[in-house]
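Number of protein chains: 2
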Amino acid sequence: MAKSNLYKGSLTTIILKLLSEHDKMYGYEITQKVKALTKGELQITEGALYPSLHKLEAEGLLEVDVAKVDNRLRKYYKLTEKGTTETVNKLDELERYIATLQTLINPKLSY
Amino acid sequence: MAKSNLYKGSLTTIILKLLSEHDKMYGYEITQKVKALTKGELQITEGALYPSLHKLEAEGLLEVDVAKVDNRLRKYYKLTEKGTTETVNKLDELERYIATLQTLINPKLSY
DNA sequence: TTGCATACATAAGATCTTTATGTATATATT
DNA sequence: AATATATACATAAAGATCTTATGTATGCAA
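Chains as they are written, first to last, in the working numbering: chain A, 276 to 386; chain B, 276 to 386.
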């Protein structure tokens, strides 16, 4: 994930946010979408993504729908009701986090 | 650190940025300064701070000046030349990171 | 047939943090 | 006088998250 270890902790929120916009997505699709949206800045590795998806599922925030497309396996993930609620919380948290960083880093500017 | 595990990875940059503005600071002072600047949002724990300071010192980004004030030990940290250079890099990295997050989270807005 | 893209997965190790604990002095409260 | 809080340092165990490496398998292009 972009060499920077800043992203540590934000992956979950990113996944949830994408799923709140796209109804259902599968793992590989998420990596490609993030790569495209960020113009290559952020490349989610599989070693980070899949365990994260599994955890979100285990927590009941996502539910899976396995499908076979072109003779290849796909696991479509979508938000549960709980996941939708949690997405709002996580996004709030992320925005507060960014605001706090801005305070520390650009003390003279207001955003 | 604010319950949120988002801050993971940003502590180093925060420390460097503060030291780029304050010439020299000691550990406890850093925790208080951050707490005040963020109105309590971000409270750096000692278990995170001290290992981080030691690491920055080991990497040659900070140098220490031990002092005794009111019969109590203080370790004043200041940026080395290398540390000053690295601060610029880390701040650039953090700003790109924030910009990337904004792209993912507020696709409709530009910052 | 070799390589690249698609599509999943996991395990070992690295990194950073929390939580808990320890030492010690100074000051305020009861 | 005793207790609590603030100041000031430190480390160790456990937890969370990620990187890196590896594995399986299909489809397609060179």
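Glycine is no exception: its CB is placed at the ideal position from the N, C-alpha and C atoms.
query, result
"For Glu338 (chain A), which of helix, strand or coil comes out of DSSP?", "strand"
"Taking Cβ positions, are Ile380 (chain B) and Lys292 (chain A) nearer each other than 9 angstroms?", "yes"
"Which partner residues does Arg347 (chain A) have in the DSSP bridge list?", "A:Val344"
"What whole-angstrom Cβ distance do Lys353 (chain A) and Leu337 (chain A) have, given they're in contact under 8 angstroms?", "7 angstroms"
"Kindly list the residues whose CB is nearer than 6 angstroms to the CB of Lys299 (chain A), restricted to its own chain and excluding five residues on each side of it in sequence; keep chain order.", "Tyr351 and Lys353"
"Using 9 angstroms as the limit for Cβ to Cβ distance, is Thr288 (chain B) near chain A?", "yes"
"Counting contacts by CB-CB distance shorter than 9 angstroms, is Val369 (chain B) in contact with chain A?", "Per the sequence shown, the amino acid found at residue 369 (chain B) is Leu instead of Val. Judged by the 9 angstroms Cβ criterion, Leu369 (chain B) is in contact with chain A."
"State buried or exposed for Ser385 (chain A), treating a residue as buried only when at least 16 other CB atoms are found within 10 Å of its CB.", "Note on Ser385 (chain A): pLDDT 44, under 50, position unreliable in the model; the coordinate value appears next. Exposed is the call here."
"Report the rounded CA-to-CA distance for Ile290 (chain B) versus Gln307 (chain B), giving the unit in angstroms.", "12 angstroms"
"Taking only three categories from DSSP, how would you classify Ser385 (chain A)?", "Since pLDDT at Ser385 (chain A) reaches only 44, below the 50 mark, its modelled position is unreliable, and the value read off the structure follows with that caveat. Three-state result, Ser385 (chain A): coil."
"Would you report the Cα separation of Ala323 (chain A) and Leu348 (chain B), rounded to the nearest angstrom?", "42 angstroms"
"Among A:Gly302, A:Thr359 and A:Gln377, which one has its Cα closest to the Cα of Ser327 (chain A)?", "A:Gly302"
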